[in-house]
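Have a look at the structure below before the remarks.
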Amino acid sequence: MPAREDLWPAILEQIQRTVRPQQFDTWFRSVQLGGYSAESMTLQVPNSFYHEWLRRHYLETIQEAVLQVTGRRPAVEFVVRPVPASEETPVAEPLPRRRERRPAAPSPMSPRARDYYPTDWMSRLNRYYVFDNFVVGASNALPHAAALAIAENPGHAYNPFFLHGGVGLGKTHLMQAITHRLLDNGPEMRMLFLSCESFMNHFISAVQHGETERFRRIFRGLDAMFVDDVHFLARGTKEATQEEFFHTFNALYNAGKQIVLSSDCPPQELTRLEERLLSRFKWGLVARIDAPGFETRVAILRHKAQLHGRVLPDDVLQFIAEHIDTNIRDLECAITKIVAFASLVNKPIDLDLAQQALRDTVHHAATALTLDDVVRPVTQEFRVKLSDLQSKRRTKSITYPRQIAMYLARTLTRHSLQEIGRYFGGRDHTTVMHACDKIERLRKEDPSVDATLDRLADQLRRRRDRHDG
Ligand code: ADP
Ligand code: MG
């Protein structure tokens, strides 16, 4: 292990290898090491905004770097560095929420449930994911109205409630808003909010430990069950889990208990699920969340800026809304970037500053790449021909680049799974889905895959920017 004064520089060097230069400059340059022991490490950050951002986005990266350098896994904590008042950056804490009461810490489950369930079964609720913070527009009005009705009348209004839509469009937010409201109205309700993955993991672990009876008692005794991202059920191969999910569903449904599910695609596209489960998903209300239109994007941006304690000029809001139309998470990132940039350069936020802060992002989102564009660098990188990628050939030297190309197509173009499948030799949309899952997984597991993908994406952006210019 390096000497204490070399410790943080060594960790920084490690981090620098894994994040992009601009992100490194923005988020890590001003972080300093506070205390360090085998059990804990304290990092000093300039303000609470860094605190939140680093914790949410880079905690794992930091932990991994610390492990690499020290061989240990201390708990990493952030503290805001005390600064002389004159230097204080003008970043405000997010505003406290208005009407709805909320305890300081998110209440992970109702008191009655707490006696009943292992405490780690319920996912942590995000305390900002409440109805008050959900901006309603044409793209989400129906699911929002349904969610409100369910929160008032669980088990009766719409059951099950199946919410679907692309990533970052508010599915988790809306589901948790129902959970929060139910907890506020009836803290004694037994409910669990968990990701589908977490449902699967609990089940598998119950089977391994001979505790399936307990698992069933817990799930089948719920008053309301929220399972987020059920498309995972279709992608895993664990049939036993599907079977268990089916029986859990039936038990709750028959007892008139509320079931709320979310998925990134409509039920009919979950083709790997058993028909009997699929048809049940459609028994209640199936509602889609769409990407928000311009007006709603502006309203969402205004609301998000308020959470940062900022009022942004209209021309800035409109600029962001014009250029970022992918999803709400991207809108949030844009606001965050602008606010962070303004604090770093210590200037008020105006159109000019916003344009600077979003230089990379906006280009990225503004111009649509075609499927041909995406495939070109892949064929060069892996020395394969387009016709190979579009052929039926299934040797590894072809399937891997084909999966990479599908993944890039999915993440960098606006084409649907179906269109991408068709382009790559008339393949089924589930093949594309499978490819994306696989590359996503590889990307997490193998830094070299991640680096290759970063490089290809960069190349694509540069190529496109040349076209623009
Ligand atoms: P999904 O689960 O569909 O991928 P999330 O619920 O995680 O999306 O939403 C992504 C981010 O966008 C969250 O921070 C959420 O608060 C925000 N968001 C989504 N929809 C809205 C909305 N209508 N109003 C305000 N914020 C929203
Ligand atoms: Mg989600």
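Residue numbers for the sequence shown follow my numbering, beginning at -18 and rising by one.
Even glycine gets a Cβ: it sits at the ideal position worked out from N, Cα and C.
| query | result |
| --- | --- |
| CA nearest to the CA of glutamine 239, picked from Phe115, Thr376 and Phe143 | Phe143 |
| CB of leucine 370 within 8 Å of CB of phenylalanine 405, strictly | yes |
| Phenylalanine 455 and threonine 222 closer than 8 Å at C-beta | As shown, the chain starts at -18 and ends at 450. That puts residue 455 outside it, with no answer to give. |
| Any non-hydrogen atom of the ligand MG closer than 7 Å to threonine 153 Cβ | yes |
| Buried versus exposed call for phenylalanine 275 [16 or more other C-beta atoms within 10 Å across all chains shown] | exposed |
| Nearest-angstrom Cα separation, counted from lysine 419 out to valine 461 | Limits of the chain in this structure are -18 at one end and 450 at the other, which puts residue 461 out of reach. |
| Nearest to arginine 403 (by Cα), restricted to the options Thr392, Leu393 and Lys373 | Lys373 |
| Contact set for leucine 332: own chain, Cβ-Cβ below 8 Å, skip 5 residues either direction | Pro294, Asp296, Val297 and Phe300 |
| Nearest candidate by alpha-carbon position, reference serine 18, set Leu35, Arg53, Glu33 and Arg261 | Arg53 |
| Pairwise C-alpha distance: leucine 282 and leucine 312 | 7 Å |
| Residues near phenylalanine 9 in its chain [Cβ-Cβ closer than 7 Å; skip 5 each side] | Leu(-7) and Ile(-4) |
| Sequence ranges, alpha helix (DSSP H) only - wholly within the region 174 to 202, length at least 4 | 177 to 189 and 193 to 201 |
| Three-state class that DSSP yields for tyrosine 110 in the structure shown | coil |
| Alpha helix (DSSP H) segment containing glutamate 313, residue limits | 309 to 326 |
| Which of helix, strand or coil DSSP assigns to valine 148 | coil |
| Simplified DSSP state of threonine 23, which is helix, strand or coil | strand |
| Where glutamine 371 sits in the DSSP three-state scheme | coil |
| Close Cβ partners of methionine 22 (< 6 Å) along its chain, the five nearest in sequence each way excluded | Pro55 and Val57 |
| According to DSSP, residues forming a beta bridge with tyrosine 139 | Partner(s): none; tyrosine 139 has no beta bridge. |
| Start and end residues, alpha helix (DSSP H) containing valine 208 | Unbroken run through valine 208 is the beta strand (DSSP E), 205 to 209; no alpha helix (DSSP H). |
| Limits of the unbroken alpha helix (DSSP H) element including glutamate 58 | No alpha helix (DSSP H) holds glutamate 58; the beta strand (DSSP E) holding it covers 56 to 61. |
| Aspartate 435 beta carbon near the ligand MG (any heavy atom closer than 7 Å) | no |
| Cutoff 6 Å; reference valine 12; Cβ partners in own chain excluding five residues on either side | Leu24 and Val26 |
| Cβ-based neighbour list, tyrosine 39, same chain, cut-off 6 Å, excluding 5 preceding and 5 following | none |
| Near the ligand MG: aspartate 209 beta-carbon under 7 Å from a heavy atom | yes |
| Completely contained alpha helix (DSSP H) runs for the region 405 to 431, where each covers 4 or more residues | 410 to 426 |
| Rounded C-alpha distance that separates phenylalanine 112 from phenylalanine 59 | 30 Å |
| Spatially closest choice to glycine 407 from Arg395, Ser368 and Leu266, by CA coordinates | Ser368 |
| Beta-carbon proximity of proline 124 to leucine 175, cut-off 8 Å | no |
| Endpoints, alpha helix (DSSP H) assigned at serine 260 | 256 to 262 |
| Buried versus exposed, by CB contacts within 10 Å (16 or more), valine 355 | buried |
| Three-state class that DSSP yields for tyrosine 234 in the structure shown | helix |
| Same chain only: Cβ atoms within 8 Å of glutamine 337, ignoring 5 sequence neighbours per side | Phe322 |
| Cβ neighbours of alanine 86 in the same chain (closer than 7 Å, five flanking residues each side left out) | Confidence in alanine 86 is poor, its pLDDT being 36 and thus under 50, which makes the residue's placement too unreliable to answer from. |
| Contact test: glutamine -5 Cβ vs the ligand HEM heavy atom, cutoff 7 Å | Although the ligand HEM was asked about, the structure shown includes only the ligand ADP and the ligand MG as ligands. |
| CA-to-CA distance, arginine 198 to glutamate 192, given in whole angstroms | 10 Å |
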